[in-house]
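Take a look at the structure below.
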Amino acid sequence: MRCCDCWRMFQSDVQELKDELDEHWPSLVKKRSSFMFWKEEWEKHGACAACVEGMNSPLRYFQICLKLRAQFDFHKLRRCAASWLLFWATDMRSSVSQTMRVVRSGFR
């Protein structure tokens, strides 16, 4: 779903960020250039954010994204989330097992 097609993105829009984007936001699909990936990200997310003052261009959008990336340790957040999910799944499995034992004992 595209939010707005009103602001097209060109390579020149992000040229000054190219090295940083290549390092921190590369395309992981070999047949798609990094620019095409960034353009797709802009069309999906950035064009919607463009309604917010201060994010109203591809350059500003990617500058802010890179700044947020530098500000937050997303790898650490992801590890914490994975640990929480593992804990939740283990706890849920234990609860289901306990419930099943109670149910089975009631039918004997």
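So the sequence shown is numbered by our numbering: it starts at 19 and just counts up by one. All C-beta atoms, glycine included, are put in the ideal place defined by N, C-alpha and C. The model shown is predicted, which means the values in this text are computed figures rather than measured ones.
Exposure of V47 is indicated by the presence of fewer than 16 other C-beta atoms within 10 angstroms of its C-beta.
Each residue's CA atom was taken as its position, placing F80 and K49 some 22 Å apart. Between the alpha carbons of R97 and D31 lies a distance of about 34 Å. Taking the C-beta atoms as reference points, R87 is found nearer than 8 Å to H42.
N74 and A65 have their C-alpha atoms some 8 Å from each other. At the C-beta level, W25 and A68 come within 8 Å of one another.
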